[in-house]
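Encoded as structure tokens, the structure appears first; notes follow it.
Numbering (the numbering used here), first residue to last: 13 to 171.
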């Protein structure tokens, strides 16, 4: 799993990285220490997010998170102003140990857009977890209209 995160991070560094004026797509790794349940454990995630700054800053994210014996998929709505923000949304957790799928809810407060720290509270499967963590996010122009306009391969005309 660590090799996968390294490869994805390296790929991001090689892509055309740019923060758009008004909107951007970001993606990067997250690491959390999960307190609660039976024992303390570490989880690793890869998160994708879309940010729109044109008026009120808002964002939506989607992530895959792995922990020993558990896999999570979650999505959150977010808002923030760079140095601080909040996020909340549903989480779906599969426990390979208990062979059980649970739906829950989580909320986070975080600091800084690109490299920062967050504190997350998650309630899933009747258990509540406190999960402080860190993340690294890089903006990319891959999914923006400006990227497609600048990289249009329509130089070949059919007629």
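By construction, the Cβ of each residue, glycine as well, lies at the ideal position given by its N, Cα and C atoms. Note that the structure is predicted; figures quoted are calculated from it, not measured.
Cα-Cα separation between residue i and residue j, rounded to whole angstroms
| i | j | result |
| --- | --- | --- |
| residue 82 | residue 34 | 36 Å |
| residue 86 | residue 76 | 7 Å |
| residue 178 | residue 141 | Any answer about residue 178 is impossible in this case: the structure gives the chain only from 13 up to 171. |
| residue 41 | residue 121 | 17 Å |
| residue 28 | residue 58 | Note that residue 28 scores 46 on pLDDT, short of 50, meaning its location in the model is unreliable; the coordinates nonetheless yield the value given after this. For residue 28 and residue 58, the distance between alpha carbons rounds to 19 Å. |
| residue 136 | residue 68 | 30 Å |
Chain-order list of residues whose beta-carbon lies under 8 Å from that of residue i (same chain, five-residue window excluded)
| i | result |
| --- | --- |
| residue 89 | 70, 71, 72, 99, 100, 101 |
| residue 61 | 37, 38, 39, 71, 72, 73, 74, 90, 149 |
| residue 171 | In this prediction, residue 171 scores a pLDDT of 49, lower than 50, which makes its location untrustworthy; no coordinate-derived value is stated. |
Contact check, residue i vs residue j, beta carbons under 7 Å
| i | j | result |
| --- | --- | --- |
| residue 145 | residue 44 | yes |
| residue 64 | residue 143 | no |
| residue 119 | residue 133 | yes |
Residue i, buried or exposed, once every other Cβ within 10 Å from all chains shown has been counted against 16
| i | result |
| --- | --- |
| residue 66 | exposed |
| residue 93 | exposed |
Contacting residues, own chain, Cβ-Cβ under 6 Å from residue i (five flanking each side not counted)
| i | result |
| --- | --- |
| residue 106 | 83, 113 |
Sequence-distant residues of its chain with Cβ nearer than 7 Å to residue i (five each side left out)
| i | result |
| --- | --- |
| residue 130 | 120, 121, 122, 145, 147 |
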